[in-house]
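First comes the structure, then the notes that go with it.
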Amino acid sequence: MAETDSKPERYVRPPSAESLGEAPGRGRLKGRRILIVGGGQRVFDAATDPIGNGRAMSILCAREGAKVAVADLNRTSAQQTVKHITDEGGEGFAITADVTSEPDVQRMIEEAHRAMGGLDGMVLNIGTFGKTGLDAVSPEEWNRIYDVNVRGPMLCCRAAMPKFDNGGAIVFISSIAALKAGSQMAAYDSSKAALGGLMRNIAHLGSRRGIRANLVYPGLVDTPNGREAGAGRPSRGKGHVPFGRQATAWEIAYAVLFFLSDESVYVTAQTLAVDSGLSGM
């Protein structure tokens, strides 16, 4: 009697304490003053929404000893992130800003600098999506997406760098969509790809003062935005992801922490894909 062929169960990478946001801080950013641009998060279902990237980054930086200024277009969302920080005994400040407005960006930087007494690091977690397919995207929508995703980070860097102490760090948040076609959102994908060129220029300019600039490419991440993007696609983050699951926002936040901390003091103009190898296999 022939043996029955059976496929082994798909391996799923177990989450660590860091993956779940349960690991204690270790003082890796003690005394630092960090601005997280895009530190709030959208709410789809308050009862079931996982934590988003910007909120996880903000909370983690505070756990690691930093003062954190949380900037977001939605003031209530920024305040909610700050409440998470202060409830854990950290120090946080909420700022409202529209990154497409140059005066708003300048005010945001001034407020963060004043509230924290300086600026040592900035995370640019900025992004907006668009429609799928070239025919569906008007020139006006294309420009709007680039205004947020590329021009916004440029304005932030231009306003913040003169305020930075020597030896600061800037982290850009891009997307695996910059590396792999698949989302069918040409404006979003190409705008996120453009961040790589901006990051390298900022790294070059900042090198004269020891200011480092690096970039993180998140892969498929289980966030409120990720769930909204994957609505109607139950296979998202399962079958075609090497580790058999989506990332958590905390896993993205730890990559950002590395680039902000002294562990990467000799690292600049580099990129890191946090995608379980999806972009490289």
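Read in order, the letters of the sequence shown are residues 1 to 281 in UniProt numbering.
Glycine included, C-beta positions come from ideal geometry on N, C-alpha and C.
Bear in mind the structure is a predicted one, so any value in this text is a computation, not a measurement.
{"query": "Could you tell me if A46 is buried or exposed, where buried requires 16 or more neighbouring beta carbons within 10 angstroms of its beta carbon?", "result": "exposed"}
{"query": "Compare the Cα-Cα distances from T96 to each of E18, G89, I109 and report the closest residue.", "result": "I109"}
{"query": "Roughly how far, in whole angstroms, is the beta-carbon of V148 from the beta-carbon of Y217, given that I think they are within contact range, below 8 Å?", "result": "With 8 Å as the limit, V148 and Y217 do not qualify as a contact, their Cβ atoms being about 18 Å apart."}
{"query": "CB-CB under 8 Å to G277, same chain, minus the five flanking residues each way: which ones, in chain order?", "result": "P242, F243"}
{"query": "Would you mind reading off the limits of the alpha helix (DSSP H) that contains M108?", "result": "102-116"}
{"query": "Rounded to whole angstroms, what is the Cα-Cα separation between P15 and A247?", "result": "9 Å"}
{"query": "Looking only at C-alpha atoms, which of A94, G117, N125 sits nearest to N225?", "result": "N125"}
{"query": "Three-state secondary structure (DSSP) at P14?", "result": "coil"}
{"query": "Measuring straight from C-alpha to C-alpha, what distance separates R200 and A213?", "result": "7 Å"}
{"query": "Who are the Cβ neighbours of S207 in its own chain at under 8 Å, not counting the five residues just before and after it?", "result": "T268"}
{"query": "Do the stretch 13-31 and the stretch 98-108 make contact, defined as three or more Cβ pairs closer than 8 Å?", "result": "no"}
{"query": "Tell me which same chain residues have a C-beta within less than 7 Å of the C-beta of R10, skipping the five on either side of it?", "result": "G244"}
{"query": "I85 to G121, Cα distance in whole Å?", "result": "17 Å"}
{"query": "Measure from the alpha carbon of D222 to the alpha carbon of each residue in F44, I51, L29, R26, then state which is nearest.", "result": "I51"}
{"query": "Using the DSSP secondary-structure output, state which residues sit across from K67 in a beta bridge.", "result": "R33, E91"}
{"query": "Does any C-beta atom of chain D lie closer than 8 Å to the C-beta of N143?", "result": "Among the chains of the structure shown, chain D does not appear; only one protein chain is present."}
{"query": "Give me the DSSP bridge partner(s) of P242.", "result": "Partner(s): none; P242 has no beta bridge."}
{"query": "Which residue's Cα is closest to the Cα of V82: F93, D72, A229?", "result": "F93"}
{"query": "Would you please state the rounded distance, in angstroms, between the beta carbons of V150 and L195? I believe it to be under 8 Å.", "result": "7 Å"}
{"query": "With a 10 Å radius around its C-beta and 16 neighbouring C-beta atoms as the bar for buried, classify Y266 as buried or exposed.", "result": "exposed"}
{"query": "Determine whether the beta carbon atoms of V68 and G40 lie at a separation below 8 Å.", "result": "no"}
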